[in-house]
């Protein structure tokens, strides 16, 4: 009798499970369980056997199916990563465009400032000389420069401009 019951259970499981695909078996587990319970209860009643409960405790799939699911998950993660890389590249592109526009505007404003007031160049030379002096002062090396190298030959510039 035990072998006969196992045969009925196995036959019922195969018949019900064949109606669903793997993802449905997982997502609709309760529905599958109810259908199996209903069929087994009816078949057991035919042989005067009373079933108290039927439950699916675990679902196991073949190696190929498990490998396919893992491959699908890896592909989905790679697709998300590729999407992130594309979005990052687009943001980098926008950032480069904005920087280039800012630099162009800055160059244009500097050009206008030079055209309006030639002393602007002198101011920039003084600022550059200060930065060079600060860098050199922080160094442990000794550097000897003449005034021309520091862009501080301002007296000569006045003479050149007045002529």
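In mature numbering (1 follows the signal peptide of the UniProt record, and there is no 0), the protein residues as written are -18 to -1, 1 to 145.
Note that beta-carbon positions come from the ideal geometry of N, C-alpha and C, so glycine has one too.
| Check | Outcome |
| --- | --- |
| Is the separation between the beta-carbon of residue 42 and that of residue 18 shorter than 8 Å? | no |
| List the endpoints of the continuous alpha helix (DSSP H) containing residue 84. | 45 to 98 |
| Suppose you measure from the CA of residue 109 to the CA of residue 115; what does that come to, to the nearest Å? | 10 Å |
| Between which two residues does the alpha helix (DSSP H) harbouring residue 15 extend? | 11 to 28 |
| Is residue 22 buried or exposed, if buried means 16 or more other CB atoms sit within 10 Å of its CB? | buried |
| Please work out which residues of its chain come closer than 8 Å, Cβ to Cβ, to residue 38, disregarding the five sequence neighbours upstream and downstream, and give them in chain order. | 11, 14, 15 and 18 |
| Which same chain residues, not among the five before or five after residue 103, have their C-beta less than 7 Å away from its C-beta? | 96 |
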